[in-house]
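The structure appears right after this line, and notes come after that.
Chains as they are written, first to last, in the numbering used here: chain X, 195 to 482; chain C, 195 to 482; chain V, 195 to 482; chain S, 195 to 482.
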């Protein structure tokens, strides 16, 4: 998708008010932008208007580096709009964090290698050496930071420096089995995507498949979410489930769950890369 | 299904041991029973063997009223088998409890009226008068027991007497919005089927759709389970989900959830009537 | 939902052109209409723009009986817009056609009786007497028109007259097992909703469950569609599936399929009543 | 799973007859085999009995290389049993055929590399050079056989020789976009697994997503099946679907479909490796 025409993507939310769609689309139209995608949503309880608009820049009158400023000056301040503007010509940089299980990282890298995503993955970080080979197979730098209670703060500091060095825009926790500290999380607000191996909020925390087995549920789930400082409680991006039965052992749950985990995580990463996810009050609006 | 040939259904579990299938099937075969269904399961953690066998009685050498005694004497005591024997010629009696919402009871009665189930529904009990018409439409006795904190004990006693009068074998709570007391539940162990409007154990208790909306989940669920003395914690029979998005209001969740609730509940009632559900240690084995 | 505020719903499609959303929303806004729903879609292959807008009429400057004329004069002719305008204060009239199976009609009537839909069902038509009781239970006129090769034309004529007498706006075929003639269909273009008991286009025609069983598929499906003169080939509104296995007999497929059929059909009827379905070139746009 | 204890797996079918389960389980028990899995199925239309039994060999009295002979002599001939016996200590060899798309092969190799399967993949064959890198990444021999109308016979002959050289037991077509000749197929009866990118039997042949888009379906599917001499008509192993809407372009269908294809194919390969698939009269029995 990297060979697509250069477009701008506006993700915005503001207090709902009459004429807001007309106003924004008019801004794009009169300046020669051709809208190729528009989707909007009104939260009638919070009375908030959400919109995603994408338009082609080839004949757009405002220089691309000035769009943000113009929109901010002309509309955002006036209508109390919170927005982000993305240019698809920019290729965001993504880091992957892993531990020992490979199913999620392989799924991510298979898509990446096939050229499906407008992203660059310069670095993989792990707290274990087990998947070093995966980095080699795909030619991606692989750094190991073993984490213990004692060295956690130091290691996270080193990780953050490394992320800065690689100019990483967002992080994907591909079954990274280590809780990240609040300080770290605050550096990447709504920019760390995690996959939790249960249908949240059921089975928060460690060993959710064991808990699911114990409870005798008839479905298992997987949940991708942005990481916030409260464990497993950030804005949910996507969830999916698989049917199970009494025949399934804990091992079977873990095995079946891996397909859910990797697909749900990859979908969420894709949505994030495509700038289709908006967060608001610990919830997401996911445009399609 | 009531016109099927007379069959016997054996539901059993026991410590797993070599030769148990051979032994039971041999018992049936040598006595002239034709097995038309056999399914088994071994829980390798608890080391428990579960089986459901159904066989035709037309040429079975043991009189049907003696099968239980023979099996008990010859095998059950010896091999530590816990079992129940059902004859399909017996038509179990089912009571429906409702409050104000009609989607579940209509789904149950539509199937019942179409003759899908080997069951008799002689009575509907409600804590509200709202659905009295439903009883009239389908010609089923409808009794109203308004429940308050003060009269709960008395009303439940009256309900229990009524259930005895109608010779009710099991109870279906079709969105009955009133917690049943422990004393009542103990009268019908694993014989009260409830539908909870969430994917348990997420969102236990009242207003699960509100909680789901608040948390921003991307799926809603419904769970049928046998009622035990711990609220919403009994053995789960069936669960299903529907995909939702940020576009769905609480009202939309409630509306979409009703289809899940009625289908999951009716499936569970069907499985129960067909004697396909075995409970063990707060979990179910559901044969298919 | 009949007690909602009076709103107008505009369903439209036209050649895609810049500024079309701005133009229509502006028309509503400047005349004092409060938009409570807007969804749009662009078919980039056909280059067609589709939109559904709903707005409150309480402060709308144009009298409701004049909106259609105004929109037609000011915009539709000019921009080559094909549109339909609906006022939610009008309660459409729906006829149900059935044969012998009751699962779909019960599901429709349960929702209708619960007041879920802004619709009036004055009449049920059947080619068999089997479900006459259903009409009685719900107090709806039930007319029987046995159809044979010889009398088909006469009977359909009588049915059409009856539909006119009851001022029926659209027809729901709730497992009506009789092919409707082209002449009849042309009287209700995109106004006859059928449920086909397969995942179309697999297993067109009669006995799809038998064909599915024969082929050894691992899923069964149901498809709702508008009836056109080509059998089972009209615009698809909704489809769903259920997983099956080698264990399922033809009878099991038929039984499991009934839940799909009734839910898919009722969803489609609901979408139709809510004016959320647009047809274009034998396909549907279904807004949500 | 390669570190599991050595077991024997018996897959069998025969005319249904009383006592068949008892007889086979008795054969295993009296010879000291511990049954760790048993599942059976009776096709009541064809009157055929199917069974899969797995037992531990550690204390089994019959030498493993003699089990087949003994079972054949003592039972198979007598009861008209068609059976296959597998020892889990044998590691089957699997070849992958690919063309240009990488999603399926990456999914297969990720599972393989993680050690999930009791299989050896010595060779990848392709009619295009595009995915040669994938072979290199995973250290698997990659052979290119460009196929044209003229050279097809010769190339297939060379492929068959190569497969023999690598002692390949079964073949997985991971989106191999080239029809295989009947002669080739006959060399690997029920040993070639294909993934078709539609819900078969809908959209047989080339470009099923285009056909699905054209028809306006609301679901897309994927179907894995054993390859037979009739195109896309072999025994179905697994099927799954994804929901789509009018918003999805053909490209979106292709993109969403890839997740279905890879998961359905990998599941089927796993079932095949685990000896859980039995074929009978162009249908499969898939034990779980």
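Backbone N, C-alpha and C fix where the C-beta goes; we use that ideal spot for every residue, glycine too.
Contact set for residue 196 of chain C: own chain, Cβ-Cβ below 8 Å, skip 5 residues either direction: The predicted model places residue 196 of chain C with a pLDDT of 37, which falls under 50 and marks its position as unreliable; any figure quoted below should be read in that light. Once the five neighbours on either side are set aside, the close Cβ partners of residue 196 of chain C are 285, 309 and 312.
Where residue 333 of chain S falls, given that 16 or more other Cβ within 10 Å makes a residue buried: exposed
Buried/exposed call for residue 200 of chain V, threshold 16 Cβ in 10 Å: exposed
Chain-ordered neighbours of residue 220 of chain C on chain S, where CB pairs are closer than 7 Å: 216
Where residue 304 of chain X meets chain A, residues with beta-carbon distance less than 8 Å: Structure shown: chain A not included; protein chains present are X, C, V and S.
Proximal residues of chain X, C-beta to C-beta of residue 212 of chain V below 7 Å: 223 and 228
Closest Cα partner of residue 260 of chain S within the set S/355, S/280, S/273 and S/338: S/280
C-beta neighbour in chain S for residue 232 of chain C, strict 8 Å: yes
Residue 204 of chain S beta carbon less than 8 Å from that of residue 247 of chain S: yes
Alpha-carbon to alpha-carbon, residue 264 of chain S and residue 534 of chain S: Any question about residue 534 of chain S goes unanswered here, given that chain S covers just 195 to 482.
Distance cut-off 7 Å: residue 275 of chain S Cβ against heavy atoms of the ligand SAH: The ligand SAH is not among the ligands present in this structure, which contains no ligands whatsoever.
Per-residue burial, residue 238 of chain S [other beta carbons within 10 Å of its own, 16 or more giving buried]: exposed
Whole-angstrom distance between residue 421 of chain X and residue 398 of chain X, CA atom to CA atom: 13 Å
Touching by the beta-carbon criterion (3+ pairs, under 8 Å), the region 203 to 219 of chain S and the region 210 to 218 of chain C: yes
Distance CB(residue 419 of chain C)-CB(residue 429 of chain C) smaller than 8 Å: yes
4 or more residues per run - each alpha helix (DSSP H) lying fully within the region 346 to 395 of chain V: 346 to 359 and 376 to 381
Three or more C-beta pairs below 8 Å linking the region 295 to 309 of chain X and the region 357 to 376 of chain X: yes
Presumed contact (8 Å Cβ cut-off) between residue 396 of chain X and residue 395 of chain C, rounded CB distance: 5 Å
Closer than 8 Å to chain S by CB, residue 493 of chain X: Residue 493 of chain X cannot be examined here, being either before or after the span of chain X that is shown, 195 to 482.
Chain C contact for residue 434 of chain V (CB, 8 Å cutoff): no
is_contact[residue 457 of chain X, chain S] using C-beta, thresh 8 Å: yes
Residue 197 of chain C at chain X interface by Cβ criterion, 8 Å: For residue 197 of chain C, the predicted model reports a pLDDT of 38, less than 50, meaning its position is unreliable; a value from the coordinates is still stated below. No, residue 197 of chain C lies away from the interface with chain X (no Cβ there is under 8 Å from its Cβ).
Contact list for residue 443 of chain X against chain C, beta-carbon separation under 7 Å: 238
Three-state secondary structure assigned by DSSP to residue 320 of chain S: strand
Closer than 8 Å to chain C by CB, residue 345 of chain V: no
Residue 331 of chain V burial status per 10 Å Cβ neighbour count (16 or more: buried): buried
Residues of its chain near residue 302 of chain X, where Cβ-Cβ distance is below 7 Å and the 5 sequence neighbours each way are ignored: 290, 366, 368, 460 and 463
Backbone secondary structure at residue 286 of chain V - three-state DSSP: coil
Local Cβ density within 10 Å of residue 278 of chain S, reported as buried at 16 or more and exposed below that: exposed
Through-space distance from residue 400 of chain C to residue 288 of chain X, alpha-carbon basis: 42 Å
Residue 206 of chain V versus residue 273 of chain V - alpha carbon distance: 11 Å
Rounded straight-line distance, which links the Cα of residue 372 of chain S to that of residue 344 of chain S: 14 Å
Residue 457 of chain S and residue 434 of chain S closer than 8 Å at C-beta: yes
Cβ-based neighbour list, residue 346 of chain V, same chain, cut-off 8 Å, excluding 5 preceding and 5 following: 375
Inter-residue spacing [alpha-carbon to alpha-carbon] between residue 444 of chain V and residue 408 of chain V: 9 Å
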